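Trainee:
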Amino acid sequence: LRSSVGFGDQVHVNSLLHDAEKDLDDYDTEIAQLETAISILKHKRARLEGHIAKFRSLLSPIRRLPPEILSLIFILRCEGFGNSFNSVEHYIDLPAVVLSQVCTGWRKVASDTPSIWSDLDFSLGWEEDHFDDPLNRKFNELML
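Position 63 of the sequence shown, counted from 1, bears residue number 63 in full-length UniProt numbering, the numbering being contiguous throughout.
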């Protein structure tokens with residue numbers, strides 16, 4: 001910068017500057033294209049990871065169990081802890097329902113296993129007296 005640039009040198013420097021700026025624009029364009037390509041590759045990679053996870057799940061040991069064994073496991077689970085629903089305490093333990101919602105295969109096994117559905121306990125929080133009270137009141141009114 002301390003030296004002066006003559007007219008001939010200015011033309012040459014302007015030409016170099018123009019070429020450098022064009023190269024810079026070319027690099028920016030190439031970087032944008034590469035970033036797009038990277039984004040596409042990342043998306044494809046994520047989809048492939050999803051497919052790999054599905055393929056691995058197909059090889060899961062639980063899928064190799066015969067329905068009869070799975071049915072016995074369901075029975076043991078449901079008998080061991082019961083099936084109960086209590087609306088007052090907001091307590092839900094319905095393993096038969098949960099097991100039937102895992103997948104289509106488990107739904108079929110659960111529906112083909114009637115013993116897991118034979119002991120469902122639903123408590124809606126009403127006592128027997130709740131139903132008798134209006135009748136008892138009417139009876140008492142008539143007796144007076």
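Note that CB positions come from ideal geometry on N, CA and C, so glycine has one too.
All values reported here derive from a predicted model rather than from experimental measurement.
#1: Where does Leu-142 sit, in a helix, a strand or coil, going by DSSP?
#2: In chain order, what residues of the same chain have a beta carbon less than 6 angstroms from the beta carbon of residue 153, not counting five sequence neighbours either side?
#3: Report the three-state DSSP secondary structure of Ser-60 (helix, strand or coil).
#4: If I follow the unbroken alpha helix (DSSP H) through Leu-99, where does it start and stop?
#5: Could you tell me the boundaries of the alpha helix (DSSP H) in which Trp-106 lies?
#6: State the CB to CB distance for the pair Ile-75 and Thr-113, rounded to an integer number of angstroms; the pair is presumed to be in contact (CB under 8 angstroms).
Mentor: The answer reads as follows:
#1: For the purposes of this step, residue 142 is taken as residue 142 along the sequence shown, with counting starting at 1. Note: Leu-142 maps to helix in three-state DSSP.
#2: The displayed coordinates of the chain run from 1 to 144. Any statement about residue 153 would go beyond what the structure contains.
#3: Stepping through the sequence shown from its first residue, residue 60 is reached at position 60. DSSP places Ser-60 in coil when its eight states are reduced to three.
#4: Residue mapping note: residue 99 aligns to position 99 of the sequence shown, counting from 1. That run of the alpha helix (DSSP H) goes 95-100.
#5: Numbered from its first residue, the sequence shown carries residue 106 at position 106. Start and end: 104-111.
#6: Reading the sequence shown from its first residue, position 75 is the one you call residue 75. Reading the sequence shown from its first residue, position 113 is the one you call residue 113. In this structure Ile-75 touches Thr-113 by the C-beta definition: roughly 6 angstroms separates them, less than 8 angstroms.
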